[in-house]
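Okay, structure first, notes after.
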Amino acid sequence: MTYKLNLKPNREKSLKRRHPWIFSSAVARVEGTPQSGDTVAVRDAEGQFLAWAAYSPASQIVARVWSWQETTPIDAVFFERRIRTAIAARVHPSIPPDTCRLVYGEADGLPGLIADRYGDTVVMQLASAGAERWREAIADALMTATGAARVYERSDLDVRELEGLPARVGVVRGDEPPQTIAIHEHDVKFLVDVRHGHKTGFYLDQRSNRHIVGKLARDRDMLNCFCYTGGFSLHALTEGAKSVTSIDSSGAALAWGARQAALNNLPVERAQWIEADVFKALRGLRDEGRSFDLIVLDPPKFAPTSAHAERAARGYKDINLLAFKLLRPGGLLATFSCSGGISDELFQKIVAGAALDAGVDAQVLRRFAQAPDHPVLLSFPESAYLKGLLCRVAGC
Ligand code: SAH
311 MTYKLNLKPN
321 REKSLKRRHP
331 WIFSSAVARV
341 EGTPQSGDTV
351 AVRDAEGQFL
361 AWAAYSPASQ
371 IVARVWSWQE
381 TTPIDAVFFE
391 RRIRTAIAAR
401 VHPSIPPDTC
411 RLVYGEADGL
421 PGLIADRYGD
431 TVVMQLASAG
441 AERWREAIAD
451 ALMTATGAAR
461 VYERSDLDVR
471 ELEGLPARVG
481 VVRGDEPPQT
491 IAIHEHDVKF
501 LVDVRHGHKT
511 GFYLDQRSNR
521 HIVGKLARDR
531 DMLNCFCYTG
541 GFSLHALTEG
551 AKSVTSIDSS
561 GAALAWGARQ
571 AALNNLPVER
581 AQWIEADVFK
591 ALRGLRDEGR
601 SFDLIVLDPP
611 KFAPTSAHAE
621 RAARGYKDIN
631 LLAFKLLRPG
641 GLLATFSCSG
651 GISDELFQKI
661 VAGAALDAGV
671 DAQVLRRFAQ
681 APDHPVLLSF
691 PESAYLKGLL
701 CRVAGC
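To get this note's numbering, take the position in the sequence shown, counting from 1, and add 310.
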């Protein structure tokens with residue numbers, strides 16, 4: 311039997327623009343008794359077919375679109391095809407095929423599915439009831455489409471709660487992954503722990519930006535805030551930074567960073583790893599009269615949605631203001647926000663306000679975005695989340 315989700319009058323507009331989310335407030339009536347993850351036919355108030363979608367009764371986003379074609383069956387073949395298409399689209403000069411995001415959810419027509427490749431290991435993350443429902447087919451398709459040795463699951467994200475799904479972590483196909491997986495990012499070697507690392511183990515979205523910022527660090531004193539396992543720091547040391555001070559609140563991440571610096575035969579005496587809250591540490595550095603030529607700010611998501619934007623804006627303003635004060639004349643600030651709830655425009659306004667309050671004149675030299683294996687679907691602007699500015703403060 312076909313389950314049907316009938317919309318209220320005039321609530322089909324966003325779907326006609328191919329935005330793949332259906333909010334519960336737009337639904338007039340559900341026909342049949344679909345369970346979480348079941349496929350439903352979404353129809354407008356006149357009964358016209360709009361899309362096939364995955365039903366998620368626990369969430370405000372009550373359905374997510376799989377396909378706009380009425381003739382497309384949603385079955386295992388559908389998932390294999392979509393996954394193969396996503397992987398084929400990763401052919402790009404700045405996407406290393408053996409270490410990249412293979413599937414980026416809605417942007418690849420697969421809402422709620424993330425799949426990242428680290429060599430022989432594919433890590434999948436299921437964030438929606440629909441993806442959860444097709445877990446077996448997805449795991450099979452990831453194995454056959456990649457030829458990887460294993461698929462490991464890291465479905466331990468907070469958003470699963472909103473979909474009424476429990477956290478799940480472990481091997482799905484193949485054998486246990488090694489304790490650490492070595493990957494290369496340009497000339498730098500990193501070790502990824504897919505079991506315990508953040509997200510699926512590594513922040514692949516910053517790949518291109520780490521390379522660009524690293525090149526700016528030559529002969530400079532750099533401060534890397536929210537460094538995690540030292541992504542920006544290792545690139546900077548590789549490119550000949552004079553010194554790199556890295557701050558994170560996670561002692562384990564810092565120890566991992568120091569280990570990777572040694573692994574790359576980098577001049578470890580130039581690297582300092584500080585376990586601290588960045589908000590406090592920046593004030594401490596200011597009070598000590600320290601200054602730097604290059605500062606990186608790559609904080610965690612302060613605003614997951616626009617509802618959190620105001621509080622998040624205060625956090626961004628605070629750290630950017632302090633960073634501007636710590637920069638030497640002519641110094642560079644690479645400042646990022648991965649908050650979906652903060653637009654590019656708002657972020658630039660916040661950074662401008664921070665420069666003003668810090669009493670510096672600054673120019674934007676370039677804009678940063680997420681790496682191209684995290685593509686932005688034009689009909690789904692939510693898929694653009696990472697933004698950044700490279701600012702230069704005026705010289706004396
Ligand atoms: N730039 C990193 C990714 C940063 S992720 C890379 O390229 O890999 C954000 C980091 O901020 C995490 O490692 C987290 O441990 C850290 N963090 C979160 N809140 C913090 C705080 N208040 N002070 C210091 N570190 C914090």
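Note that CB positions come from ideal geometry on N, CA and C, so glycine has one too.
Quick one: grab the DSSP three-state call for residue i.
{"i": "Asp531", "result": "strand"}
{"i": "Pro639", "result": "strand"}
{"i": "Trp583", "result": "strand"}
{"i": "Gln358", "result": "coil"}
{"i": "Glu416", "result": "helix"}
{"i": "Gln516", "result": "helix"}
{"i": "Val588", "result": "helix"}
{"i": "Arg353", "result": "strand"}
{"i": "Gly507", "result": "coil"}
{"i": "Leu472", "result": "helix"}
{"i": "Lys326", "result": "helix"}
{"i": "Gly599", "result": "coil"}
{"i": "Ser346", "result": "coil"}
{"i": "Glu486", "result": "coil"}
{"i": "Arg321", "result": "coil"}
{"i": "Gly457", "result": "coil"}
{"i": "Ala363", "result": "strand"}
{"i": "Ala336", "result": "helix"}
{"i": "Gly594", "result": "helix"}
Can you give me the Cβ contacts of residue i inside the same chain, cut-off strictly under 6 Å, excluding the 5 residues immediately before and after it?
{"i": "Leu631", "result": "Ala664, Asp667 and Ala668"}
{"i": "Trp378", "result": "Ala361"}
{"i": "Pro685", "result": "Ala417"}
{"i": "Cys648", "result": "Lys611, Tyr695 and Leu696"}
{"i": "Tyr365", "result": "Pro344, Asp348, Val350 and Ala373"}
{"i": "Ala455", "result": "Ile393, Arg394 and Ile397"}
{"i": "Val482", "result": "Ala449, Val461 and Glu463"}
{"i": "Phe542", "result": "Arg520, Val523, Asn534 and Val606"}
{"i": "Ser553", "result": "Asp531 and Arg580"}
{"i": "Asp529", "result": "Lys552"}
{"i": "Ala458", "result": "Asp430 and Val432"}
Please list, in chain order, all residues of the same chain as residue i whose beta carbon is under 8 Å from its beta carbon, the five residues on each side excluded.
{"i": "Val504", "result": "Tyr428, Thr431, Val433, Tyr462, Arg464, Pro487, Ile491, Thr510 and Gly511"}
{"i": "Lys499", "result": "Ala492, Ile493, Gln570, Leu573 and Asn574"}
{"i": "Ala437", "result": "Gly415, Gly422, Leu423, Ile424, Ser465, Leu467, Val469, Arg470 and Glu473"}
{"i": "Ser559", "result": "Glu585, Ala586, Asp587 and Val588"}
{"i": "Leu636", "result": "Leu533, Leu592, Leu595, Arg596, Arg600, Ser601, Phe602 and Ile605"}
{"i": "His618", "result": "Phe612, Ser649 and Gly651"}
Any heavy atom of the ligand GTP closer than 8 Å to the Cβ of residue i?
{"i": "Arg392", "result": "This structure lacks the ligand GTP; its bound ligands are the ligand SAH."}
Output needed for residue i: all residues of its chain with C-beta closer than 7 Å, excluding positions within five of it in sequence on either side, in chain order.
{"i": "Lys627", "result": "Ile660, Gly663 and Ala664"}
{"i": "Asp515", "result": "Gln680, Ala681, His684 and Leu696"}
{"i": "Glu322", "result": "Asp354 and Leu360"}
{"i": "Arg339", "result": "Asn316"}
{"i": "Ile405", "result": "Pro682 and Asp683"}
{"i": "Trp583", "result": "Ser556, Leu564, Gly567 and Ala568"}
Is residue i near the ligand SAH - that is, is its Cβ less than 8 Å away from at least one heavy atom of it?
{"i": "His508", "result": "yes"}
{"i": "Gly415", "result": "no"}
{"i": "Gly419", "result": "no"}
{"i": "Ile557", "result": "yes"}
{"i": "Thr349", "result": "no"}
{"i": "Tyr462", "result": "no"}
{"i": "Gly594", "result": "no"}
{"i": "Asn574", "result": "no"}
{"i": "Arg569", "result": "no"}
{"i": "Arg676", "result": "no"}
{"i": "Tyr365", "result": "no"}
{"i": "Gln582", "result": "no"}
{"i": "Ser647", "result": "no"}
{"i": "Ser560", "result": "yes"}
{"i": "Gly511", "result": "no"}
{"i": "Arg520", "result": "yes"}
{"i": "Gln680", "result": "no"}
{"i": "Phe602", "result": "no"}
{"i": "Gly524", "result": "no"}
{"i": "Asn534", "result": "yes"}
{"i": "Thr409", "result": "no"}
{"i": "Tyr538", "result": "yes"}
**OP:** Quick one: which unbroken alpha helix (DSSP H) runs of 4-plus residues sit fully inside the segment 521-580? Chain order, please.
**Re:** 541-548 and 561-573
Subject >> Those runs of the beta strand (DSSP E) which lie wholly inside the segment 609-689 and span at least 3 residues >> reply: 637-647 and 672-679
**OP:** Write down every uninterrupted run of the alpha helix (DSSP H) in the segment 405-453 whose length is 4 residues or greater and which is fully enclosed by it, in chain order.
**Re:** 439-443
**OP:** Can you check the segment 367-407 for any beta strand (DSSP E) of at least 3 residues that lies completely inside it and give the ranges in chain order?
**Re:** 371-377
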